[in-house]
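In this text, residue positions in the sequence shown follow my numbering: the first is 6, and each later residue adds one.
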Amino acid sequence: MKETDWDKYYTNRGTNKITKITRGFTSNKISNLIRRQGINNPRICELGGGDSCVADEIIQESKASYYEVVDNCEKGLSLFKARNHLCESGVVKDSVLNKNSVENFDICLSIGLIEHFNESDTSKAIEYHFKKVRTGGFVLITFPHPTWLYCLTRKILEITGAWKFPDERPLNFEEVTRTCKLYGKEIHRSINWKIILTQGYVLYEKI
6 MKETDWDKYY TNRGTNKITK ITRGFTSNKI SNLIRRQGIN NPRICELGGG DSCVADEIIQ
66 ESKASYYEVV DNCEKGLSLF KARNHLCESG VVKDSVLNKN SVENFDICLS IGLIEHFNES
126 DTSKAIEYHF KKVRTGGFVL ITFPHPTWLY CLTRKILEIT GAWKFPDERP LNFEEVTRTC
186 KLYGKEIHRS INWKIILTQG YVLYEKI
């Protein structure tokens, strides 16, 4: 299967007016979920974030003390590194399929990352999230969920040649939670319908 061209994606992302709106819905929902956990000045890690589209609002709303982005795309990391942030920040070039990474973050999140792998590697990517957080920390994962609205919207984008994610695989909650429940306790699950290409959300506390 053809892979998504992430260099091209990060280069052109700012020109898409629709995604600018939907990112606002995404960052607002994530910020609310993080705030409800009551962590003071959390240390946050975003996986596959590249030039993160949610970091600014999350940092501001959560009063994060540190925000790190992990990605294997140099283009995205360099764009994030060049930005000014309201807290200390860092970038790490790594693959979420790496089994050796162990950290002690309060929160690890990803937005539309785990669906770009086959089922086996998706499970490995989910496991990586839990390795990044301390016991009692939180893992928040969003992923495309195959509602009728997602399927219809994607079909239109594919027909018109506007679809840019050939390796995206919409996921059901069962596949995602199968791995999550091995490492944590479910706190929240929902579907974000506001962004049209509907996203599933799961939040787990690491045990």
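Every residue, glycine too, gets a C-beta built ideally from N, C-alpha and C.
query                                                                                                       : result
Contact belief for E51 with S106 at Cβ below 8 Å, rounded distance in angstroms                             : Not confirmed; about 14 Å, so no contact.
Alpha helix (DSSP H) runs contained entirely in the stretch 127-196, provided each spans 4 or more residues : 153-164, 178-185
Residue interval of the beta strand (DSSP E) (run including G205)                                           : 204-211
Classification of T184 by the beta-carbon crowding that lies within 10 angstroms, buried from 16 upward     : buried
Through-space distance from K68 to N45, alpha-carbon basis                                                  : 7 Å
Those residues which DSSP pairs with R48 across a bridge                                                    : Y71
Per-residue burial, G83 [other beta carbons within 10 Å of its own, 16 or more giving buried]               : This sequence places Ser at residue 83; Gly is not what is there. By the 10 Å Cβ count, S83 comes out exposed.
Span of the beta strand (DSSP E), counted from its first residue to its last, around F110                   : 110-116
Where the beta strand (DSSP E) through K98 begins and ends                                                  : 93-98
D76 (DSSP reduced to helix, strand or coil)                                                                 : strand
Cα-Cα separation between T203 and F170, rounded to whole angstroms                                          : 15 Å
Spatially closest choice to F110 from F122, Y72, D76, by CA coordinates                                     : Y72
G55 beta carbon less than 8 Å from that of F85                                                              : yes
Same chain, Cβ closer than 6 Å to C58, five either side skipped, listed in chain order                      : R28
Option nearest V144 by Cα separation, candidates Y14, V96, K211                                             : K211
CB contact flag (G81, Y133, <8 Å)                                                                           : no
Cβ neighbour criterion (16 or more within 10 Å) applied to W198                                             : exposed
C-alpha gap between A60 and I164, whole angstroms                                                           : 32 Å
For L102, the three-state DSSP class (helix, strand or coil)                                                : coil
Secondary structure of S83, DSSP reduced to three states                                                    : helix
F122 - DSSP class collapsed to helix/strand/coil                                                            : coil
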